[in-house]
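Here is the structure we will look at.
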Amino acid sequence: MDSIGFDLKKTLLVLLTVFIVGCGSGGSGSSSGNNPPVIEDIIVVGAGLAGLTAARDLNAAGLDVTVLEARDHIGGRAYTDNSTGIPLDLGASWILGIDQSATYELAVEAGIVVSAHTDWDLFQGWDFDGSPYTISDADDADFFSRVEAGCRQNYQSQSSTSFEEMVETLYGNGDFPNLNRREFEYLVATYFELEYAGDVSLMSASQCWEGSDYFGDDVIIPGGYSQLSSFLSQGLDIRLNTVVTAVTYDDQGVTITTSNGNFSADRAVITVPIGVLRSGDIQFSPALPQSKLDAINFIGSGTINKTWMIFPSTFWNTDILMFGYISDPKGHFSEWYSFDDLETYNVLLAFNGGSEAIEMESMTDEEITAEAMTILRTMFGPDIPEPFDVVQTRWNSDPFAKGAYGFLRAGAVSARDRNNLAENVIERLFFAGEATSASHYATTEGAIRSGKKAAMDILTYTN
Ligand SMILES: Cc1cc2nc3c(=O)[nH]c(=O)nc-3n(C[C@H](O)[C@H](O)[C@H](O)COP(=O)(O)OP(=O)(O)OC[C@H]3O[C@@H](n4cnc5c(N)ncnc54)[C@H](O)[C@@H]3O)c2cc1C
């Protein structure tokens with residue numbers, strides 16, 4: 021937090037208030053007649069990328085913005101852990117589709133170094149027993165396009181079928197004649213459960229046809245995503261360790277109850293994750309409109325977790341980006357990454373998703389490492405070294421995330437539900453965050469765009 025910037029802003033506000041009082045203006049809200057505008061107080065709940073973007077834009081427009089953040093740090097789900105001496109992103113790693121990307125533009129504006137583009141074709145795979153990968157490129161592509169067509173059909177008919185029902189029907193109909201059961205489940209897990217962070221049994225069958233307007237290459241930020249939140253936070257008044265427990269609102273304003281006392285404002289932007297909204301940990305009074313409650317119900321909070329492992333030396337082919345493992349049972353350490361930008365650090369990253377990831381959260385780090393090493397030894401042989409450091413995420417148990425990001429539950433309609441989630445309530449409560457973005461949900465892009473949109477909406481009511 022930049023206290024110098026904050027003090028300067030307060031001084032300017034005091035001067036402006038003196039000016040306003042001198043002019044005989046009173047009350048709050050928009051300007052009227054020839055009186056100078058009264059500056060609105062805005063509270064932003066959450067200092068992730070959505071909240072910081074909204075706060076920055078509102079602050080730049082001259083509003084008096086306070087950001088309330090439950091954690092002892094900013095960044096939310098785009099946070100970089102430096103405890104090992106290596107910047108390891110616990111949440112977002114990639115900037116997706118840099119050609120029309122607010123995230124990428126921000127990185128450029130901040131002077132943040134990004135990697136060369138990610139080449140997703142650099143792949144090597146293994147079957148469950150360590151024998152060579154058995155799925156041909158043609159079968160892989162065919163699987164994906166048939167499932168995508170299924171998603172499109174379900175989207176068009178607005179069906180409430182689950183993703184599992186849809187893919188199992190295709191499998192049962194013999195649509196994937198060359199895939200055995202294990203290979204089929206591996207592809208379902210790696211393409212959809214890891215991507216959308218939910219179990220296919222809960223997920224809408226239209227999920228893979230919705231949103232995701234990305235253009236161009238993907239890159240990572242070798243120095244860590246936290247650089248983006250640090251950049252956005254400059255000059256903002258951010259109250260850390262401030263857990264919001266209740267939001268009371270009427271047509272005059274908003275009162276927010278927190279672990280550090282009450283805050284009042286003319287309007288508020290709520291950017292807490294969908295998992296937190298679903299949990300009921302924040303009481304809204306009066307209750308939120310039914311359309312928003314329905315949206316909160318239909319957008320699930322999915323889980324993916326990262327296991328970062330730092331080894332004394334590399335034992336993998338560092339020209340490869342992604343290592344696939346057709347695990348048995350499915351979804352156990354089936355996706356591994358080696359980042360050549362981090363190559364000198366000898367780091368591997370594994371993902372687990374859905375209920376497998378949630379179950380794993382109750383295991384100790386040592387137990388998780390042991391399971392990961394058993395699989396790595398199956399892939400790379402018995403002589404590989406033990407890691408000397410492991411950083412494990414547990415997003416589902418995280419009280420201020422309660423999941424990794426939102427997915428569409430069976431019965432949801434993306435545009436309807438995400439737009440209802442984003443809709444403001446009586447022009448006092450505004451909502452942002454990845455889950456509110458119909459076009460870029462589940463990503464930093466959705467978070468940043470939604471923060472910009474919430475700020476723009478507020479400015480239309482205050483100008
Ligand atoms: C493992 C993982 C991998 C990912 N990979 C990618 C990727 O490669 N590329 C990509 O684009 N996206 C990725 N994402 C998604 C991306 O990280 C998120 O979409 C984005 O960071 C969400 O930003 P946000 O501002 O909407 O929410 P958040 O960052 O979660 O911000 C919300 C803030 O609200 C705070 N908060 C919660 N409850 C309270 C409360 N009661 N009181 C006060 N504050 C509260 C939280 O602490 C948090 O700081 C990944 C996410 C995860 C978890």
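Going by this note's numbering, the first residue of the sequence shown is number 21, and it counts up by one from there. Cβ atoms here follow ideal geometry from the backbone N, Cα and C, with glycine treated the same way. Bear in mind the structure is a predicted one, so any value in this text is a computation, not a measurement.
D385 is not bridged by DSSP to any residue.
The bridge partners DSSP lists for M393 come to none.
Inclusion of E465 in the 7 Å shell around ligand 1 follows from its C-beta lying nearer than that to a non-hydrogen atom of the ligand.
Under the rule that a run must span 3 or more residues, the beta strand (DSSP E) segments found entirely inside the segment 239 to 319 read 257 to 259, 264 to 270, 273 to 278, 281 to 285, 287 to 290, 303 to 305. Contact between the segment 341 to 360 and the segment 371 to 381 is present, with at least three C-beta pairs closer than 8 Å. Straight-line measurement puts the Cα of D77 at about 20 Å from the Cα of I132. When A430, A421, S457, G431 are compared, the shortest CA-CA separation from L441 is found for S457.
Distances from the alpha-carbon of M380 to those of F400, T413, F359, W356 put T413 closest.
M380: not part of any beta strand (DSSP E); member of the alpha helix (DSSP H) spanning 374 to 380, first to last residue.
I290 is positioned such that its CB atom lies no closer than 8 Å to that of F420. Within the same chain, and ignoring the five residues on either side of D195 in sequence, the residues whose Cβ sits closer than 7 Å to its Cβ are R166.
Burial is judged here by how many other beta carbons sit within 10 angstroms of a residue's own beta carbon; A435 has fewer than 16 and is exposed. It is roughly 18 Å from the alpha-carbon of T394 to the alpha-carbon of S333. Annotation for S121 indicates a beta carbon at 7 Å or more from all heavy atoms of ligand 1. In this structure, M223 places its C-beta atom within 8 Å of the C-beta atom of R429. When DSSP states are grouped into helix, strand and coil, A442 belongs to the helix group.
Pairwise C-beta distances place the segment 169 to 183 out of contact with the segment 141 to 150, as fewer than three of them are shorter than 8 Å. Between A90 and V274, the CB-CB gap reaches or exceeds 8 Å. Inter-segment contact for the segment 105 to 116 and the segment 79 to 88 is absent: fewer than three beta-carbon pairs are separated by less than 8 Å.
It is roughly 12 Å from the alpha-carbon of M329 to the alpha-carbon of E391. The Cβ neighbour count for T338, taken over all protein chains shown within 10 Å, is under 16; the residue is labelled exposed.
Residue state for L78 is assigned as helix, using DSSP reduced to three classes. For K472, the enclosing alpha helix (DSSP H) covers residues 464 to 482.
Distance from the CA atom of I294 to the CA atom of V134, rounded to whole angstroms, is 29 Å.
In terms of Cα proximity to L88, the closest of E213, D437, V267, I346 is V267. Within the chosen limit of 7 Å, ligand 1 does not reach the beta carbon of I241 with any heavy atom. Between Y245 and D92, the C-beta spacing is not below 8 Å. Residue environment analysis places Q247 among the buried positions, since at least 16 neighbouring C-beta atoms fall within 10 angstroms of its C-beta. The beta carbon of T210 lies closer than 8 Å to those of G344, S354, E355 in the same chain, with the five residues before and after it left out. With a 10 Å radius around the Cβ and a threshold of 16 neighbouring Cβ atoms, F204 comes out buried. Under the three-state reduction of DSSP output, I115 falls in the strand class. D160: member of the alpha helix (DSSP H) spanning 157 to 176, first to last residue.
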